[in-house]
Structures are given as C-alpha cells and as structure tokens.
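There are 2 protein chains.
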Amino acid sequence: MTERLVVIGGDAAGMSCASQARRRRGPEDLSIVVFEATEWISYSACGEPYFVSGEVTDVTSLLARTPEQFEQMAIDVRLHHLVTEIDIESKTVTVDTPNGQLIEPYDQLMYSTGAQATAPDVPGVDLEGVFELHTLNDAVALKAAVNTGTRAVVVGAGYLGLEVAEALTLRGVPTTIIASRSYVMNRSLDPDVGATVTEAIRGYGIPVVESTRLESITGIDGKAVGIETTNGYLKADLVVLGTGVHPRSDMAEAAGIKLGPTGAVEVDDHQRTNVSGVWAAGDCAESHHRLTDQPTNPQLGTVANKQGRVAGMNIGGEDASFPGVLLTSITKVMDTEVARTGLMESEAQSVGIGYVTGKAAGTTTSGYMANAERIEIKVMAEKGTGRLLGAQIVGGPGSGKRIDVLATAIWTGMTGHDFAMSDLSYAPPFSTVWDIVMIAARRAADAATV
Amino acid sequence: MTERLVVIGGDAAGMSCASQARRRRGPEDLSIVVFEATEWISYSACGEPYFVSGEVTDVTSLLARTPEQFEQMAIDVRLHHLVTEIDIESKTVTVDTPNGQLIEPYDQLMYSTGAQATAPDVPGVDLEGVFELHTLNDAVALKAAVNTGTRAVVVGAGYLGLEVAEALTLRGVPTTIIASRSYVMNRSLDPDVGATVTEAIRGYGIPVVESTRLESITGIDGKAVGIETTNGYLKADLVVLGTGVHPRSDMAEAAGIKLGPTGAVEVDDHQRTNVSGVWAAGDCAESHHRLTDQPTNPQLGTVANKQGRVAGMNIGGEDASFPGVLLTSITKVMDTEVARTGLMESEAQSVGIGYVTGKAAGTTTSGYMANAERIEIKVMAEKGTGRLLGAQIVGGPGSGKRIDVLATAIWTGMTGHDFAMSDLSYAPPFSTVWDIVMIAARRAADAATV
Chain H
7 MTERLVVIGG DAAGMSCASQ ARRRRGPEDL SIVVFEATEW ISYSACGEPY
57 FVSGEVTDVT SLLARTPEQF EQMAIDVRLH HLVTEIDIES KTVTVDTPNG
107 QLIEPYDQLM YSTGAQATAP DVPGVDLEGV FELHTLNDAV ALKAAVNTGT
157 RAVVVGAGYL GLEVAEALTL RGVPTTIIAS RSYVMNRSLD PDVGATVTEA
207 IRGYGIPVVE STRLESITGI DGKAVGIETT NGYLKADLVV LGTGVHPRSD
257 MAEAAGIKLG PTGAVEVDDH QRTNVSGVWA AGDCAESHHR LTDQPTNPQL
307 GTVANKQGRV AGMNIGGEDA SFPGVLLTSI TKVMDTEVAR TGLMESEAQS
357 VGIGYVTGKA AGTTTSGYMA NAERIEIKVM AEKGTGRLLG AQIVGGPGSG
407 KRIDVLATAI WTGMTGHDFA MSDLSYAPPF STVWDIVMIA ARRAADAATV
Chain P
7 MTERLVVIGG DAAGMSCASQ ARRRRGPEDL SIVVFEATEW ISYSACGEPY
57 FVSGEVTDVT SLLARTPEQF EQMAIDVRLH HLVTEIDIES KTVTVDTPNG
107 QLIEPYDQLM YSTGAQATAP DVPGVDLEGV FELHTLNDAV ALKAAVNTGT
157 RAVVVGAGYL GLEVAEALTL RGVPTTIIAS RSYVMNRSLD PDVGATVTEA
207 IRGYGIPVVE STRLESITGI DGKAVGIETT NGYLKADLVV LGTGVHPRSD
257 MAEAAGIKLG PTGAVEVDDH QRTNVSGVWA AGDCAESHHR LTDQPTNPQL
307 GTVANKQGRV AGMNIGGEDA SFPGVLLTSI TKVMDTEVAR TGLMESEAQS
357 VGIGYVTGKA AGTTTSGYMA NAERIEIKVM AEKGTGRLLG AQIVGGPGSG
407 KRIDVLATAI WTGMTGHDFA MSDLSYAPPF STVWDIVMIA ARRAADAATV
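Here the protein sequences line up with chains H and P, keeping their order.
Residue numbers for the first sequence follow the working numbering, so the first one is 7 and each next one is one higher.
Residue numbers for the second sequence follow the working numbering, so the first one is 7 and each next one is one higher.
Structure, rendered in structure tokens:
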C-alpha cells in the first residue's frame, strides 16, 4: 500500500526532506505532496540582502530549484496552499487553497513551517515604508521601496540587520543601525569582539546608535517619517525591522505536538516529534547544541538543510541522525568579515563550563604580501583541559571562512595544543607560517592549562 | 653548570628551537649560539617568488626576525659561520668563520641545516643566466637578472617552478614551464587534478611543455641562450632550475648521525636523533606521515617551525612531541589556487590502503553572487569505513584555504559522512549552503561504504 508523506512548508527543510525520501522510495511506495503557503519554494532567505543591494538582479536567482524540478521527481508541490490545522488523531491536515478548503490525509507528516519575523510591539509598524525582510516577497517589496528612500533606519543589529544596512548603504540610502546593546551582534559575539565589529561598521560611515530601543514609528499620511527611540528621534522614510524571528510552531502546539523550551518543536536526533509519524526540521524545530547539551533554535539555513535531509532519509527507511550544532555562522559588512562558532562567554557561563580565552591579531596572509588583511581571532578553551570551545573572527577579506577550521577542531574535541600542532596549509599569499587560527588556539590552551 | 646549545643553521627550525629553549631556560642555565653560513637568518624562502615578481619590494621584508632581536634574547647569532664537521665523541663542531677556523664545544646540538637545491646533472648549469631559487641570495640574483631577460624557461613544475613562472610572467618575461610528466605538480596532485591545473596555467598564456626533461643548457660567450630537451630546443636567456631540493644531511651522516630512508636525518617524535644530545628539525630531518605511518621529508616551512619548536621545548625541559604530517600545502598561479592534504592515489596504492574518491565542482560562494568563483574538489576516503584520507582543491580566489578544513577532518580521523553533517559556516558571499568541501567528502564516503 502506498504511504503518503505530507510536507508543510516548501523551503530548505521541507524540500530536502521530500527529495531524500523520494530518492529512497518510489512513487508507488510513497506519494509526496508539499503544501507551500506562498508562491515560492526552496528560496535562499540568506540571499535577500544581496538582492536588495542589487548584487543579485533577478529574484528567481535565489530559488535553488523550481516546482517543475520537483514534479519531475514525482513530488507534488502545491503553491498558495496554507495548512491551518493538523489533526493527529485522524491524521489529516486542513489546507486553505485558492479554490477553498481541503482536508488532506497523511501517513507521515513533515512539519517544516520555518520561522517568521518578530515585529516589535510598538505603534507604527504597519505604516508604509516599514519593512521586514524574511520572505522573498518582503525582499521584492523592500527593493522596490529603496528607490524612493532618502533616509533609512534598520532596527536590530543581528546578522540580518547588518546585512540590510550594508545593502541600503550600497544603494546610496544613508542608513542608521539601532542596536539594543552597546555593540552589534550581541547574540553571536562577545562584547569585546562585538565592539570591534561596531567600530568597523562606523568606519564605513554607517552610524550605529547603541543601547537603544525602538519606541514607535511615526508617520504622516500613513507613511513613515521617523522613529522614536529610547535615545531620541531619528528621521527615516525607510524603516527595516531586523528584530529577530521566532519559530512558526503555534499550529504544531495546537495539534498536540510538543514544543521545547526554545518555543520550537522538540525533536529527537532522528527529527521525530513526540507524535508518531510526525517529523519536524528547520527553523521551526529545535537542535541539540553539542557543547552545552541544551536545546537551541539556531535559525540557520545549513541546519534546515541537514535536518530536512535527516528526516527524509529516515522516512526513506534509513537510520540517520542529526549530530547537533555549534551555531557556526558568518557574515560580512562591506569588507569586514565576521564569523563565530561554538560558545560565547555568556553561554559558557550559563551552563557552568570553566573557560579561558586567547586572542591573536595578525594578517590573513604573510604580512609582506600586498593582499595582507588584518584579522583578529578570539578562541575559548576549557579550563584545565585546553579543549576548544568557541571562536570568533573579525577581519578583512579572507578572514571569515577560517571559522570552519576551528569549527571542525571543536566538533572533534581537539585541544588548542593539538590543533596548534596540526597540519594546516601555508604559502605567503594565504597565511602566515603559523596560521593565525593556530596562534589563537594555542594561546587559549596555554592559558587554560597553566 | 651552564649547558651550551649549538644550533647549526639559523632558519625556521634552528631559530624556533633557540627561541623556545631560551624561553624555558635562562642564559645562566643554557648558553645558545647559532652558526649560520650565510648573512641571513629566519627568512621566508616561500616568499622569494613574490620578491622576484615585485610584489615584495624589499628583500628584508622576508626576514621574520633580525639577529639583533635574538641577541636581546641572549641568543648569540654568528653569521658567515659555516659548520663543516661534527665530532660526536668530543662533542665539538668545526666552524669556518671569516676569521679562520674554530672548534666549538656543545652539550646539546641542534642540526637544522635545511635543504639545498638539486641542480640537474646536465651540461650548462653554470652558465650566466641560469638560476636556482632557494636562498635569499638566489632571489636577489634572479630578481636583478629579470630586468635583462627576454625569454625564460622554468625547468620543473612543482610548487617553486610554478611560483617562479608566475613571477617572471608578471614581470613581463615570456616564460615556458618544462614539466617532467604530462601534468604539473606530479608530486602533490593526482593526474586528473594536475591536468586541471596545467590547463589553468596554459590559460594564462604560460606554455607548459609536458613529459619533457632537460638535456643541456646551451650558451654563447658563457651566457645561456637556450635549452635542449627530450622534446627539442627552446630559446631562453633566463633558465630557472626548479628541479627539487634535497636535505643537507651529509655532514650529519659523516658524523655518525643516522639518516632515514628519505635521505634526511632520522628523528623520533621528540626530534631526537640516534645520537644523545643531538637533535634535528626542518628540511634536513624526516617527519612521520600520519596516514602511511612512513617517514617523509616534506620540505615545508610549517613543519620546520613546528619541529624546531618541539626540539626547543624539549631542550628547555618539556616533554613535547611532533605529531606528524599530512603534507598539507597550498599555492597559486595567477588567480588559480591549488591545495592538497593527505594522500594522493599513488601514495595510498603504495602503502596498500583501499580507497575511493569523490569529486565535486561548484562555486566558492552562492552561485548567484558576483564573486562566485569555480572550485573543484577531489576527496579520497577509505574503502569500507569512509574515513577521509586526502583532498585536492583547484579553483579561483577563496578556494585554496578550504584545504585546512579537510586537513583538520583528516587529522582527527573523521569519516566523510560525519564531516558532511558537521557545522560549517554559510552565508551567500562565502559558500553554498552545503559547502563544497562537504559535498565532495560525502560523495567519497558514499562511494566508500556502498
């Protein structure tokens, strides 16, 4: 008898799941239908700032695959189909479609609804000129509005906020960033590293208004003209809300699917929820942090792809596990690259892991080379053992992707001393003879094991 | 009683050793003297091609530290002091100095004589216009000659040969590379990857004459005018011999210090030779290959620095080990980056390790970004287990340093499957959502474990 897999949400997690399940089970064994609320599937939300900036000209470039490609794999993709309710008893979902409501049965259900932007609860968020940047349609709308913008404010100084600020600046719109703390990226970086990034951003002529919260957006004739903050008034006819996202888990919770402490759907390492036959993956689901042993809700495209893949492999009959996360991430503002992996100091403190840190500042290449760029690395190691726990990098071109080397070292439990004696590549156009990642790791381990 | 450390050779291994020993033992406990045959210490041989190209203008930029800096650490650096003989019975060395011969006693002896260029045994190598590129003085001489060169040939297509060919081309001298095999870098790359690099080099207008050996250098009035090869005659008034180097181990062997099968000095993991109190490190010493379990003589600045450090730590009273090598290395020709780590196919075959390979071709960044560059990765995994054994990368800017991630994964014994599910960074300006290193590793592991 043919089983039926229903996938709710056609982005990275959902489509990875569908593809992997299909590779392992033919259409006569498993029928697959994807209900996607919008007209877009498999799109790169991470690419949206580069569409706004103009570097990416065609919005469809951000689509990894088309519905037609999935149809060829016998995956039935239904756009403009919004699932509104799950009934785990009858194993059905209720779907709002352009042609009315449907009740659709499932044997296996993939819950991959993603996340949605969290608008601040202040007056004025519905004014014209106020934007989020989460869906592809958000990106199209913001890009269209940029042409008319004369002064922008980005509320929020996380990854998205900084990337949007860069995009608007590149489009020639004077842009100010509102940061809730005294430094940017406070959920990803320690205060000292965040301060370095903040100064770099200011160096590009992008003001960062620090330790400030949005109180309201003011408008005239329904159009935004400025914002009131805890630190005064700023003129702005473009206001972008980069105030975070939250998992779309309400429908799961209403159906009796258990959420975890992060508010996202709780899953085991096979992406199973507490309800038999119901799987979850991606931004709406939790992940296991390998270092804290705590659930986390990373909101990363890499994680969505991997979790979706694992769920699809398991639905396909394999025994696949998602191994957890280090929250490795990267971004850039102009030519300053920023990356992190593993624990921040505050995270280590909150779970009671004893740590020390080591820092190194140097160059991405041999210092005498024309392309040498400044790079600063902070590494955290476990007190007593020297085991690597985290790293943060700020620097010029060539800096950021070095985080992957440290992420791999942390993933495998290396000490800073072992890592510093490992065999990394060197040539003058690429690094100093001791790559700076090794120097920082050794310093952290030295301090950890005195 | 004060011990005396004599260091033979003041480059990376020797000076690292001296520094590390000094940090741990004061001058009253350990006197340190370095005998260096030339006028240069601590120089970056790897930087020489970039001095020849003109990217580095001042040769002293290639010096990591000066004799004065070592003097301040109470390390006595004697330039133009050539050690000619070691007597392990009397614990003395014979030194030719500008003021005559000395007999100098030692308690601890660091043998760090490095390597020397291997000139091919053909007529004409002493003609004017024929150069090696090993010492800093070689670099100065070659750079001076470039101004008068109208046509160059580089004999040898290893790292140095390619880097010199790039340098000469950038200086406007039409340059041809003579490769002994049908592809370049045959000691570092598999034939298929080497062929890709060869085509890239030709694409820059640098001819590669393949499967060809030098037979003689012809001259008129003592000056080179061309070369005879197994494939015919080529005009050239600049001939650079990039035909490899060999460890300077003769003096050690003559003294009764044991050499290994590579012809370099045999050492244990503490950098001890077979003679008590005599240490060796760097290009003149062997290393242990972590995957083949065989001795190797890598001729890499990274290894020299690490081995010298280990020797110095041990002389300083610690218990430090050199953990071996994966032969990780990197270079570039114009904007093509090339890197490798771990085993080539021929190496795996020679030690009887069963393997499969996986390849991936893609882009360094998300494909829709303006800075996307082509990148190709080949990964080798152990048959049956999927354990990662080697990787080779060719691609545009941003490709090469990815080798470090794979080197770390190989170093720690990861399988391709584990690595493919690890937590690497992603943002559109930096990679695809599955970094291409993960895709290649997964393909290799899939093939290894079917």
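For glycine and all other residues, C-beta sits at the position ideal for the given N, C-alpha and C.
None of the values given here were measured: they were computed from a predicted structure.
query, result
"Chain H contact for PRO301 (chain P) (CB, 8 Å cutoff)", "no"
"Proximity winner among P:THR236, P:GLY238, P:VAL245, relative to GLU134 (chain P) (alpha-carbon distances)", "P:VAL245"
"ILE381 (chain P), buried or exposed, once every other Cβ within 10 Å from all chains shown has been counted against 16", "buried"
"Exposure of ASP196 (chain P), with buried meaning 16 or more beta-carbon neighbours within 10 Å", "buried"
"Residue nearest to VAL152 (chain H) in terms of C-alpha spacing, selected from H:GLY164, H:LYS312, H:LEU139, H:ALA163", "H:LEU139"
"Nearest-angstrom Cβ-Cβ length linking ILE14 (chain P) and SER118 (chain P), presumed shorter than 8 Å", "6 Å"
"Residue-level contact to chain H via CB, PHE436 (chain P), 8 Å cutoff", "yes"
"Exposed unless 16 or more other CB atoms sit within 10 angstroms - verdict on VAL26 (chain H)", "Note that residue 26 (chain H) is Gln in the sequence shown here, rather than Val. Result: buried."
"Chain H residues whose Cβ lies nearer than 7 Å to that of VAL58 (chain P)", "Correct list: empty, because the minimum Cβ distance to chain H is about 12 Å."
"Collapsed DSSP secondary structure at GLU382 (chain P) in the structure displayed", "strand"
"8 Å Cβ cutoff, TRP440 (chain H) in contact with chain P", "yes"
"Unbroken beta strand (DSSP E) run spanning MET116 (chain P), endpoints", "114-117"
"Residue-level contact to chain H via CB, ASN311 (chain P), 8 Å cutoff", "yes"
"For TYR56 (chain H), three-class secondary structure by DSSP", "helix"
"Partners in chain H for LYS384 (chain P), counting only beta-carbon separations shorter than 8 Å", "Here the premise fails: no neighbours, minimum Cβ distance about 16 Å."
"Collapsed DSSP secondary structure at ILE263 (chain P) in the structure displayed", "coil"
"Same chain, Cβ closer than 6 Å to GLY262 (chain H), five either side skipped, listed in chain order", "ILE94"
"Same chain, Cβ closer than 8 Å to SER186 (chain P), neighbours up to 5 away in sequence not counted", "GLY162, ALA163, ASN192, SER217, THR218, ARG219"
"Cutoff 6 Å; reference THR103 (chain P); Cβ partners in own chain excluding five residues on either side", "HIS87"
"Proximal residues to ALA426 (chain H) (C-beta, below 6 Å), its chain only, five neighbours per side dropped", "MET444, ALA447, ARG448"
"Contacts that LEU332 (chain P) makes with chain H (C-beta to C-beta distance below 7 Å)", "ASP429"
"Nearest-angstrom Cα separation, counted from GLY323 (chain H) out to ARG31 (chain H)", "8 Å"
"Through-space distance from PRO434 (chain P) to SER372 (chain P), alpha-carbon basis", "5 Å"
"Beta-carbon proximity of ALA413 (chain P) to LEU68 (chain H), cut-off 8 Å", "no"
"8 Å Cβ cutoff, TRP46 (chain H) in contact with chain P", "no"
"Inter-residue spacing [alpha-carbon to alpha-carbon] between GLY232 (chain H) and THR124 (chain H)", "20 Å"
"Residues of the stretch 58-89 of chain P with Cβ closer than 7 Å to any Cβ of chain H, in chain order", "GLU61, VAL62, SER67, LEU68"
"Length at least 3, wholly inside the stretch 56-87 of chain P: the beta strand (DSSP E) runs in chain order", "81-84"
"Length of the line joining the Cα atoms of THR63 (chain H) and ASP289 (chain H)", "27 Å"
"Under 7 Å from the C-beta of TRP417 (chain P): neighbouring residues of chain B", "Looking for chain B here will not work: the only protein chains present are H and P."
"CA nearest to the CA of ILE212 (chain P), picked from P:GLY402, P:THR175, P:GLU343, P:GLU54", "P:THR175"
"Residue-chain proximity (PRO180 (chain P), chain H), Cβ-Cβ < 8 Å", "no"
"Straight-line Cα distance separating VAL214 (chain P) from LEU168 (chain P)", "10 Å"
"Partner residues on chain H for GLY53 (chain P), Cβ-Cβ distance less than 7 Å", "SER372, TYR374, PRO434"
"Straight-line Cα distance separating ASN105 (chain H) from ILE409 (chain P)", "53 Å"
"Minimum Cβ-Cβ distance from VAL411 (chain H) to chain P less than 8 Å", "yes"
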